[in-house]
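Everything below concerns the one structure shown next.
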Amino acid sequence: MESFIRGLPKAELHVHIEGTLEPELMFELAAKNATTIGYASVGELHAAYEFSCLQDFLDIYHQGAAVLQDANDFYRLTTAYLKNAAADNVRHAEIFFDAQTHTNRGVAMGAVVEGLSAACANAEEQLGITTGLIMCFLRHLSQDEAMTTLDQALPYREQLLGVGLASSEVGHPPSKFVEVFARARAKGLHTVAHAGEEGPPEYVREALDLLHVERIDHGIRAMEDSELVARLRYEAVPLTVCPLSNVKLGAVASIAEHPLPAMFEQGLMVTINSDDPAYFGGYVGDNYLAVAGDTGFDKEALTEMARNSVEASFASADRKSRIHAEIDGYAASEAGRR
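According to our numbering, the residues represented by the sequence shown are 3 to 340, in order.
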C-alpha cells in the first residue's frame with residue numbers, strides 16, 4: 003500500500019508553509035540570522051516538536067517563524083517542502099502563508115511573496131509541480147489588520163491565487179471578516195477558510211454564506227449537523243481534511259475514530275492533506291497511509307480522494323485534465339498488476 007500511495011498522483015490543498023519548517027532548517031536559519039530560539043541543538047528542537055497541546059504547538063510554531071527573515075529563507079523553506087511533496091507525487095500544491103506572522107515583525111511583504119514565488123517557479127521547472135499561493139488572514143487579529151495586509155499584498159496580486167482564514171478558530175467566527183473577503187473577491191482572488199475544525203458547524207455555514215468561500219478547510223465538525231452535511235453534499239463543497247493534524251491537536255482521539263470515512267461514505271467531496279507536516283507527524287503521503295491503515299480505505303477510495311483533490315483545486319482546466327489523465331493511467335497500471 004505504501005508504494006501505491008507514494009506513487010498516486012495527487013494535489014495538496016491545505017498546507018501552511020510555516021508548518022513545513024523542519025528542525026534542521028530552523029536551527030540552520032537561526033544561526034544564519036542570529037535569531038535566538040531557545041534550543042541548544044537540533045535534537046532539543048526535535049524533542050520540542052513532540053508537543054501535546056495547541057498552545058505548545060503555537061509557541062514552537064511562532065518561534066520557528068522568527069527565523070524566516072529574508073526572501074532566500076522563504077525560498078529555501080518552500081523548496082524543501084516542494085521536494086518532499088514531489089516524493090509523494092504531488093502534482094499540484096496550493097500553499098498557505100501567514101503574511102501577518104512575518105510583516106508584524108518587520109519582514110517586508112515583498113520578501114515573503116518573492117521568496118515563495120521564486121521557489122514555486124523553480125519547482126514547476128525542475129519537478130513539474132504546479133503551485134498557487136494563498137495568503138491566510140489570522141483570525142485572532144482584527145479585520146482592520148487583515149485589510150491592511152490585503153493592501154500590502156495587492157502589489158503582488160499576480161503572484162497570489164487566493165486568500166484564506168486561519169489561526170485560533172473558537173471565538174473568531176467567519177462573520178468577523180466579511181468586508182475583507184468581499185474586497186479580496188472583488189480583486190479576483192479565490193477564497194477559502196478554516197471552519198469546523200474546533201469551531202462549531204455554524205462557522206462552516208458562515209464561511210459559505212457570508213464569506214462565499216469556494217472550499218472549507220478542515221470542516222470535520224460539520225458532521226454534527228445533518229442539514230449542513232446534506233448541503234455540503236448537494237453543493238459539492240470541497241473539504242480539505244488533515245487527519246494527522248486533527249489527532250495531534252486533539253480534535254479527534256485517533257485516526258481510527260476520525261470522521262473522514264463517514265464523510266466519504268456520505269458523499270462529501272473530501273481531500274487528504276498535511277496541514278503543518280513538520281509538526282504533525284507527516285507529509286501528505288503519510289496522511290494517506292495513516293487513514294489507509296486505520297480506517298480501511300482501499301486503493302479505489304484513496305484514488306477517488308486524489309481525484310477530488312485535483313478537481314477541488316484552483317488549477318486551470320487544462321492542468322486538471324492532465325493530472326486526471328495521470329491518475330487514470332496510474333489506476334489502470336495498478337489494475338493490470340492484479
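Think of the CB as a built atom: it goes at the ideal place given N, C-alpha and C, for glycine as much as any other residue.
Here the region 209-218 makes contact with the region 165-183; the two share three or more CB pairs at distances below 8 Å. For Ala68, no alpha helix (DSSP H) encloses it, and the DSSP letter there is neither H nor E. In the DSSP assignment, the residues bridged to Lys12 are Val92. Straight-line spacing of the CA atoms in Gln128 and His16 works out to 22 Å.
Given a length threshold of 3 residues, each whole run of the beta strand (DSSP E) inside the region 208-287 is given here in chain order: 217-220, 240-243, 271-274.
In the structure shown, Ile97 adopts extended strand secondary structure according to DSSP, grouped into three states. Closest in C-alpha terms to Leu167, from the list Arg159, His196, Glu160, comes His196.
Distance between Glu4 and Thr37, taken at the CA atoms: about 39 Å.
By the criterion of at least three beta-carbon pairs nearer than 8 Å, the region 56-67 is in contact with the region 25-41. Looking at the DSSP output, Gly45 sits in no beta bridge, so it has no partner there. Inter-residue distance for Leu241 and Leu230 is about 13 Å (C-alpha atoms, whole angstroms). Looking at the DSSP output, Val182 sits in no beta bridge, so it has no partner there. By the Cβ neighbour-count rule, Gln102 is buried, with 16 or more other Cβ atoms within 10 Å of its own. Under the rule that a run must span 3 or more residues, the beta strand (DSSP E) segments found entirely inside the region 131-200 read 132-140, 164-168, 192-197. About 7 Å separates the beta carbon of Ile325 from that of Ala13, a gap short enough to meet the 8 Å contact definition.
In summary, Ser318 is exposed, with fewer than 16 beta-carbon neighbours lying within 10 Å of its beta-carbon over all protein chains present. Between Val109 and Gln154 a beta carbon distance of about 11 Å is seen, past the 8 Å cut, so the two are scored as non-contacting. With respect to the C-alpha of Met307, the residue from Glu96, Gly201, Arg339, Pro263 having the closest C-alpha is Pro263.
When C-beta atoms of the region 111-130 are compared with those of the region 44-54, fewer than three pairs fall below 8 Å, so the two segments do not count as touching.
With contacts defined by Cβ atoms closer than 9 Å, Ala95 and Ile131 form a contacting pair. When secondary structure is reduced to three states using DSSP, Val312 falls in the helix class. For Glu30, the enclosing alpha helix (DSSP H) starts and ends at 25-34. The Cβ atoms of Asp90 and Arg159 lie no closer than 9 Å to each other.
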